[in-house]
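J.:
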Amino acid sequence: MLSPNYRYIALDFETTGLDLQSDEPIQIGILECDAQGNFIAGYQSLLRPSKPTKELKTVVGFITGLSADSLQDAPTPAEVEPEIQHFFGPNTIIVGHNIAFDLHFLQKFFPSLTFADAIDSFKLSQSLLHYVPSYAQEILIAQLQSKPDFQKFLISLKFSGELNFHDAFVDAKLSLALFCYLLDKIQILIAKYPILEHFISQSE
């Protein structure tokens, strides 16, 4: 399904807010899969922001459900960076929903981590899924979660439990399942219309 020449990871951050200049990451979730969409490894951690956590109680609790007190003893991004170094490198492809947002925080707070390219499951969904009420990840998952051809990717990525959106590791896992599902749809289209493969190869 995917090229074995690359490492594929889903990345998600929960943050103190949506301001790219002043807000900070407070949770990171990473999930790696193989070329067939099967779970390889994952990583998740809370992150301690530089602002006093007591100042974050309202916004953190409202957006993420995290307790500000739980961030008090969490590691800083600088302390986490060496622990996740092995996920990154010149052959790493990063997948995520609205991934540009997460890449900003990755590059700002984890500057040594490199990657080859990134794929936005939001933009891919816009091209392949039609007549959905919204392309927000939680809406797409709600539309797809009962479909067997989506459930198989949740199973292969070892997803179990409730859909807890605004948890970085859960969101990373769901974005990777969505990405694999969309790739599967592309392969079905190519099998039905083989000439598409020619046009795709010509556009590279």
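So the sequence shown is residues 238 to 441, counted in the working numbering.
Backbone N, C-alpha and C define an ideal beta-carbon position, used for all residues, glycine too.
What you are looking at is a predicted structure, and each value in this text was computed from that prediction instead of being measured.
#1: Given a threshold of 16 other Cβ atoms within 10 Å of its Cβ, counted over all protein chains shown, does P370 qualify as buried or as exposed?
#2: Quick one: what's got a C-beta closer than 6 Å to A311's C-beta in the same chain, skipping five residues either side?
#3: Give the straight-line distance between the Cα atoms of K422 and G254, rounded to the nearest whole angstrom.
#4: On the DSSP bridge assignment, give the partners of S332 in chain order.
#5: Would you mind sorting I392 into buried or exposed? The rule is 16 or more other CB atoms within 10 Å of its CB.
#6: Name the two residues that bound the continuous alpha helix (DSSP H) containing L413.
#7: When the Cα atoms are used, what is the spatial distance from L343 to D386?
#8: Smallest Cα separation from A355: which of F396, F324, L340, Y418?
#9: Pull up the DSSP beta-bridge partners for G279, would you.
#10: Would you kindly report the start and end of the unbroken alpha helix (DSSP H) that includes D386?
#11: So for P262, helix, strand or coil by DSSP?
#12: Starting from the C-beta of Y245, find all residues in its chain whose C-beta is less than 7 Å away, skip the five residues before and the five after it, and write them out in chain order.
#13: Between which residues of its own chain and G266 is the CB-CB distance below 6 Å, once the five residues before and five after are set aside?
#14: Among the residues of its own chain, which have a CB less than 6 Å from the CB of Q380, if the five just before and after it don't count?
#15: For the alpha helix (DSSP H) containing P314, name the first residue and the last one.
#16: List the endpoints of the continuous alpha helix (DSSP H) containing Q380.
#17: Could you check whether G279 and F390 sit closer than 8 Å to each other, using their CB atoms as the reference points?
#18: Would you call S364 buried or exposed, if buried means 16 or more other Cβ atoms sit within 10 Å of its Cβ?
#19: Starting from the Cα of Q319, find the closest Cα among D306, L420, F347, L308 and give me that residue.
T.: According to the data block:
#1: exposed
#2: L283, L284, R285
#3: 34 Å
#4: The amino acid occupying residue 332 in the given sequence is Val; Ser does not appear at that position. Answer by DSSP bridge pairing, in chain order: A247, I356.
#5: exposed
#6: 405–429
#7: 32 Å
#8: L340
#9: L268
#10: 385–393
#11: strand
#12: L239, E269, C270, I330, V332
#13: D249, Q281, A405, F406, A409
#14: V369
#15: 314–321
#16: 374–381
#17: no
#18: exposed
#19: Residue identity check: residue 319 is Pro in the sequence provided, not Gln. Ranking the options by Cα distance to P319, first place goes to F347.
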